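Asks: The opening residue of the sequence shown carries number 59 in the numbering used here; numbering runs sequentially from there. Ideal placement from N, C-alpha and C gives every residue a C-beta, glycine not left out. No experiment lies behind these values; they were computed from the predicted model shown. Can you read through this structure? Questions will come right after.
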Amino acid sequence: MILINLLPPELRRRQSGVSPVFASVVGGGIACLLLVILYSWIQFVCIPNAIATKAKRDEELAAKTALADAVREMEKKIDENRQRRNKFYSLLAKKVYWARTLDEFANLLNGPWSLPGFDVRCTDLNITEAPGAGGGRGPVQDETVAFSVRWNYKLIGKERIRAGDYINSFFSTIKNSKFWKSQGFTGKPEETYRGDTPRTNQSIQRMIIEGTLEWQRVKVIKDKILAGR
């Protein structure tokens, strides 16, 4: 008997040599094998490599952290040393070389004066630090250090009638001297002059004028430039 399939080709039942059940079993087995391989690769390759990489990175982090701590400690010491250096420069800038000042002062007292005929003596001298006054230069006010120079003077002249001329010559010579102009004294030499009473010393046949003057010496601090180095 001959069977004839009268259905159109697209509706005809196709014949296959592979059993669908077998194909499903094989496909499931391959899928399970791939999962086992993937699990083994992750478990025995990826995870150990990740652990080793993490350990290496932890070691690098510890080393770099220690290095960073050392750098911060060094920066702290550098900052402390910079502050000490700036303090040293500040003290050095405030230093006043009184030996030279006193030497020039002594030379000034030895004359000559603009008007001859009298001598000047210093009978007492006191130098004390005082609050800074003035000394600001430029748009920015500079730091200053000031000293008060208080001394007792004695003028010994030949002629009593010329006492006023001696006093004028005394202050005029000081005002125009290198000592007064270069040592940082402020104001005028005669600002604290309170007058005088000439007297005659019969034993030496000389006119004597005595009094007290107080001068202020101001030094402008220039260590700001050094502090920036």
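1) Helix, strand or coil, according to DSSP, for S206 in the structure here?
2) Could you check which residue in V203, G169 and A121 has the C-alpha nearest to that of I279?
3) Which residue wins for smallest C-alpha separation from R218, given the options V103, L119, K246 and F176?
4) Is D223 near L173, with beta carbons less than 9 Å apart?
5) Do the region 253-269 and the region 208-218 meet, that is, are 3 or more Cβ pairs less than 8 Å apart?
6) If we call anything under 9 Å between Cβ atoms a contact, is E272 one with R179?
7) Quick check on the DSSP output: the beta strand (DSSP E) that includes K246 runs from which residue to which?
8) Is R115 close to chain B, meaning its C-beta is less than 9 Å from at least one C-beta of that chain?
9) Alpha carbon to alpha carbon, how far is E131 from L119? Give it in angstroms, no decimals.
10) Measure the alpha-carbon distance for T270 versus Y147 and round it to whole angstroms.
11) Is I225 near I267, with beta carbons less than 9 Å apart?
Replies: According to the data block:
1) Indexing the sequence shown from 1 puts residue 206 at position 148. Strand.
2) Reading the sequence shown from its first residue, position 221 is the one you call residue 279. In terms of Cα proximity to I279, the closest of V203, G169 and A121 is V203.
3) Here residue 218 corresponds to residue number 160 of the sequence shown, with the count starting at 1. Among V103, L119, K246 and F176, the Cα nearest to that of R218 is on F176.
4) Residue numbering aside, residue 223 sits at position 165 when the sequence shown is read from its first letter. Residue numbering aside, residue 173 sits at position 115 when the sequence shown is read from its first letter. In this structure, D223 places its C-beta atom within 9 Å of the C-beta atom of L173.
5) As far as the Cβ criterion goes, the region 253-269 touches the region 208-218, which means the pair count is three or higher.
6) Taking the first residue of the sequence shown as position 1, residue 272 is located at position 214. Taking the first residue of the sequence shown as position 1, residue 179 is located at position 121. Between E272 and R179, the C-beta gap is not smaller than 9 Å, which leaves the two residues out of contact.
7) On the sequence shown, residue 246 is found 188 positions in, with the first residue counted as 1. Counting along the chain, K246 falls outside any beta strand (DSSP E), and DSSP gives it neither H nor E.
8) In summary, chain B is missing from the structure at hand, where a single protein chain is found.
9) Here residue 119 is taken as the residue at index 61 of the sequence shown, counted from 1. Here residue 131 is taken as the residue at index 73 of the sequence shown, counted from 1. Taking the CA atoms as reference points, L119 sits about 18 Å from E131.
10) Taking the sequence shown and counting its residues from 1, the one referred to as residue 270 is at position 212. Taking the sequence shown and counting its residues from 1, the one referred to as residue 147 is at position 89. Between the C-alpha atoms of T270 and Y147 there is a straight-line separation of about 35 Å.
11) Locating residue 225 in the sequence shown gives position 167, counting from the first residue. Locating residue 267 in the sequence shown gives position 209, counting from the first residue. Between I225 and I267, the CB-CB gap stays under 9 Å.
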